[in-house]
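Here the structure comes first, spelled out in structure tokens, and everything after it is commentary.
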Amino acid sequence: MSENVAIVGIGYTSFRPLTPELSYKELMYEAAVKAYEDAGLDPRRDVDSFVTVAEDLIEGTSIFDEYVPDQLGGLLKPNVTIPGEAIHGLATAYMQIASGIVDVVALEAHSKASNVLTLPYITAYAMDPVLNRPLGANPAFIAGMEMTRYLHVSGATREQCALVVAKNKRNALYNPAAAYGAAIEAEDVLNAEMIAYPLTQQDISPHADGAIVLVLAAADVAESLTDVPIWIRGIGWCNDSPTLETRAWGRAIYAEEAGKRAYRMAGIRNPTEEVDFAEIDDAYSYKELQHLEALGFCRFGEAGLITAEGVTDVNGILPVNVSGGSLGVGHLLDASGLRAVAEVAMQLRGEAGARQLPDIETGLAFGWRGVPSTSGAAVVLSN
Amino acid sequence: MGMRKVAVVGAGMTKFVRRAQETGKELSYEATKMALDYCDLTLNDVDCVVHGTAPDTFDGVHMKGEYLSDGSGGWRKPYTRCYVGGGTGVFTPIHGWYHVASGMFDICLVVCEEKMSSCQPHPQGAFLTIFDHTTERPLGPNLLWIFAMEMNRYMHTYGLKKEDIALVSVKNKRNAANHPCSLLGDADITLEDVLNSEVLAWPVQRLDVSPVTDGAVALVLAAEHVARRISDKPVWIEGVGWNLDTAYWTNRDLCYPRYVENAARMAYDMAGITEPRKQIHIAEPYDPFDYKELHHLEGLQLFDRGKAPEATALGITQRDGDLPVCPSGGLLGVGNPIAAAGLMKVAELFWQLREEAGARQVPGQPKRGVAQAWGDLMQVGTVIVMGV
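Structure below.
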């Protein structure tokens, strides 16, 4: 099923801790204009369908999809909102094109996290109202609990997790769109303020604002638009249990299943050999390790070791989060996965500037919806 | 790329009630189990699950799609929620349709659930947050007001009287008396009852409006090769369309839903329908208010602009008329658990086209039907055409 659908336009804003002078509509508009210019398309004439990613309570507006068509050029056209990870939105755009009902889709995701003054309280509303919410657990506490379990069953260490933070923040120094680049060492991470053991303040990705728009097109249209279409070769997504007490702790089953499905569709048998680089969710430092294992880049319990060996460094065999990831760029809520996809596509085009990886053909992006979800999506892209 | 044929092979729904004792997960489970049992499948046969549900504020649950995932069968399966406000109920099977039509999956479970009663004292409170936070919310508008404005505009443009419109409510509530899941079916309701009901926001009176409701509906979709094997009479999804107009509803003429027309034309093009008035035998347009059925029939190109009230008065839209409209009883009669209500309309087409609708059965062996939903700020149209 490869080479049906390609990314033909990429646009994104810079990612910043605060954007008081811009509304979410202006962020979306900026990303959309860039993506349409990149694709050489006029949205009113050439784009058949619009997919956006948003959750009502994050936006502070119920039925948020009301407010998306105007700034995307999508008036009186097919529009739908996916309240999911942005890679779920990518899957939606992919299937709309692969079904044959439309040829060109614009996909949008954004974060205006700086507008959300009470994010932990909103996240608490995502807990099961009867069984889990009365526990009054802060999201960082739940992540800390999962990290404790992960370190216990995998044998990974806090130091190895801290290496992820140092790597990603250092990578972000080469990404002009990143908000949190820093030259720090693992020790700085370990010595930072403890938020919820074993998570320190530096283990948790800080939020950023920004928007990303991608334009996707069917093969024949894509080939007429660009010399470097970035093909969606495989895509997979999966949910585990939504309640805290009935899920797998330690292992990321949702990522294992999402990865398997994406690889099967892409015809990939051995991801360590066939995938050149990856942008995978690192909302918390340990998540990069846990997701690396779940996505088949190493055996369970080895992600910390290969990280310490430098395998996932920018010069390693499998560069991971060369962009800086969520730890370095800033966490974009449900838009994080689309930023990862945009990075993989830019790298595959050879347009990643100072952080460009040499000799790459295939990359993977993986997004997770964050605490308390067990919802993730993976996509394999090739040039 | 080849577009695969997709059929509906199973349907199930809970009773639509004012205040369900079950959680949203349990309602979803009940409908899902019924739909799977209908076509003798189990969750192991299901490749993917799609879910539709309206504002998270109803239940006070953030990421409501995640919360409802296990009740809907989405455990350790590909699962997504889609959302176009009140249009969600008809969009969710469209979302399921491209899961299968694209070749990604063979069997897709489509679930829509709504539990409005959790929102106390009334879900209108939750609707306050659908308005633009800068230009509209400070005015404290609610849905009854803005729909009253739209209804006024429709009546003014075509010189209609309340009596012309109230007939829709009478028809649908009477139809719903034959629906085993209905909340407000009433075989004896009269035009006077509607016209004498309490005024909420002129010209909207209590019996012009569908009720606050809890409920869930589920469908099973299958690719052609599976559908032909497991179903004696698959109901094919022949056309799908969806369309969204600007958020600035104050800048539009509210007398005609262009977005419904665009969505309908998209679906009709796909289905090869050139003369909808001849080629469509049953319509289930969205009827949260009685005037909306008329408005939508015109947007669906089934009657000329301003002419749907006359057709209603002539009995054309009765269950035994030339074009039965809302034979289910619609939202006005069966109830309006928002996303579930839209999917109920699609389920009704499934039962009608299979001639399994019992006392509600439309005569004359109907071959093709259209279902439509509407929502957001009077802004979105979602349309599905099904046939046997």
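From first to last, the protein sequence lines stand for chains X and G. The first sequence: position 132 = 132 (my numbering), numbered continuously. In my numbering, each residue's number is its place in the second sequence (first place is 1) plus 1000. Beta carbons: idealized from backbone N, C-alpha and C, even for Gly.
Own chain, CB closer than 8 Å to residue i, minus 5 neighbours either side, in chain order
i: X/D56; result: S62, I63, F64 and P83
i: X/T148; result: Y197 and P198
i: X/R269; result: Y263
Neighbourhood of residue i by C-beta distance below 6 Å, restricted to the same chain and skipping five residues each side
i: G/G1215; result: T1014, F1016, P1337 and A1340
i: G/A1176; result: S1182, G1185, G1329, G1333 and V1334
i: X/P43; result: Y36 and G73
i: G/F1350; result: V1008, A1011 and V1235
i: G/N1243; result: Y1259, N1262, A1263 and G1381
Same chain, Cβ closer than 7 Å to residue i, five either side skipped, listed in chain order
i: X/A345; result: I7, I10, I230 and L381
i: G/V1325; result: A1283, P1285, E1293, L1297 and T1317
i: G/C1039; result: V1009, G1010, V1220, I1230 and S1231
i: X/M194; result: T200
i: G/Y1143; result: Sequence check: residue 1143 of chain G is Leu here, not Tyr. Around G/L1143: Q1124 and F1127.
i: X/A342; result: I10, Y12, I212 and L214
Straight-line Cα distance separating residue j from residue i
i: G/R1354; j: G/M1149; result: 39 Å
i: X/L131; j: X/L244; result: 9 Å
i: G/A1101; j: X/T374; result: 27 Å
i: X/W237; j: G/D1304; result: 45 Å
i: X/M1; j: X/I232; result: Any answer about X/M1 is weak, because its pLDDT of 44 lies below 50 and its placement is not dependable; what the coordinates show is given next. Those two C-alpha atoms are separated by around 9 Å.
i: X/L25; j: X/G60; result: Looking at the sequence shown, residue 25 of chain X is not Leu but Lys. Cα to Cα, X/K25 sits roughly 14 Å from X/G60.
i: X/D38; j: G/P1180; result: 55 Å
i: X/V51; j: X/I101; result: 14 Å
i: G/G1342; j: G/V1006; result: 19 Å
i: X/E361; j: G/V1380; result: 41 Å
i: G/Q1279; j: G/I1273; result: 7 Å
i: G/Y1083; j: X/E187; result: 45 Å
i: X/E279; j: X/A255; result: 13 Å
i: G/M1001; j: X/N4; result: At G/M1001, the pLDDT of 48 sits below 50, so the modelled position is not reliable; the number obtained from the coordinates is stated separately. For G/M1001 and X/N4, the distance between alpha carbons rounds to 8 Å.
i: G/T1042; j: X/A248; result: 23 Å
i: X/G328; j: X/M95; result: 32 Å
i: G/V1383; j: G/R1265; result: 9 Å
i: G/G1087; j: X/P176; result: 40 Å
i: X/L76; j: X/V68; result: 12 Å
i: X/P129; j: X/H331; result: 26 Å
i: X/A140; j: G/N1178; result: 52 Å
i: X/D70; j: X/V213; result: 14 Å
i: G/P1471; j: G/V1346; result: This structure leaves residue 1471 of chain G out entirely; chain G is present only between 1001 and 1388.
i: G/V1370; j: G/K1233; result: 18 Å
i: X/L41; j: X/H110; result: 21 Å
i: G/R1137; j: G/I1130; result: 8 Å
i: G/I1094; j: X/G316; result: 44 Å
DSSP bridge partner residues for residue i (one or two, in chain order)
i: X/H331; result: X/H207
i: G/T1382; result: G/W1242 and G/A1373
i: X/R16; result: X/D209
i: G/Y1079; result: G/V1049
i: X/Y284; result: X/I204
i: X/A217; result: X/A6 and X/V104
i: G/I1282; result: G/G1369
i: G/A1223; result: G/V1006
i: G/Q1124; result: Answer by DSSP bridge pairing: none, since G/Q1124 is not bridged.
i: X/L199; result: X/A196
Residues that residue i contacts on chain X, provided the C-beta gap is smaller than 9 Å
i: G/A1101; result: M95, A98, S99, G100 and I101
i: G/N1262; result: L76, K77 and P78
i: G/D1253; result: Those do not exist, as G/D1253 stays about 13 Å from chain X at its closest Cβ, beyond 9 Å.
i: G/N1196; result: In chain order: nothing, as chain X lies at least about 33 Å away.
i: G/K1077; result: C238, N239 and E257
i: G/N1243; result: L76, K77, P78 and N79
i: G/G1002; result: G100
Within chain G, the residues that residue i reaches when beta carbons sit closer than 7 Å
i: X/P198; result: Within 7 Å Cβ-Cβ: nothing; X/P198 doesn't reach chain G, min ~26 Å.
i: X/Y286; result: The premise fails here: X/Y286 is roughly 21 Å from chain G at the closest Cβ pair, so nothing lies under 7 Å.
Any chain B beta carbon closer than 9 Å to residue i
i: G/S1210; result: The chain inventory of the structure shown lacks chain B, comprising the protein chains X and G.
The ligand ATP heavy atom lying under 8 Å from the CB of residue i
i: X/V344; result: Judged by which ligands are present, the structure shown has none, so any question about the ligand ATP falls away.
Contact set between residue i and chain X, taken where Cβ atoms lie within less than 8 Å
i: G/M1386; result: What G/M1386 touches in chain X: nothing, since even the nearest Cβ is about 16 Å away.
Within chain X, partners of residue i - CB distance below 7 Å
i: G/C1082; result: V80 and I82
i: G/R1258; result: L76
_Counting beta carbon pairs with one atom in the segment 151-161 of chain X and one in the segment 296-313 of chain X, are three or more of them shorter than 8 Å?_
Cβ pair count under 8 Å is three or more, so yes.
*Contact between the segment 276-289 of chain X and the segment 158-168 of chain X (3+ Cβ pairs under 8 Å)*: At 8 Å Cβ cutoff, the stretches touch.
*asked:* Across the segment 1233-1249 of chain G and the segment 1113-1128 of chain G, are there enough close Cβ pairs to call them in contact, namely three or more that are closer than 8 Å?
replied: Remark: fewer than three beta-carbon pairs, one from each stretch, lie closer than 8 Å, so the segment 1233-1249 of chain G and the segment 1113-1128 of chain G are not flagged as touching.
*Would you call the segment 1304-1314 of chain G and the segment 1150-1169 of chain G in contact, with 3 or more CB pairs under 8 Å?*
In this structure the segment 1304-1314 of chain G lies against the segment 1150-1169 of chain G, because at least three pairs of beta carbons, one per stretch, are closer than 8 Å.
*Touch check for the segment 1022-1038 of chain G and the segment 1066-1080 of chain G: three-plus C-beta pairs under 8 Å?*
Put simply, the segment 1022-1038 of chain G touches the segment 1066-1080 of chain G. At least three CB pairs are less than 8 Å apart.
*asked:* Across the segment 1049-1067 of chain G and the segment 1099-1113 of chain G, are there enough close Cβ pairs to call them in contact, namely three or more that are closer than 8 Å?
replied: With a cut-off of 8 Å, the segment 1099-1113 of chain G and the segment 1049-1067 of chain G count as touching, because enough Cβ pairs lie within range.
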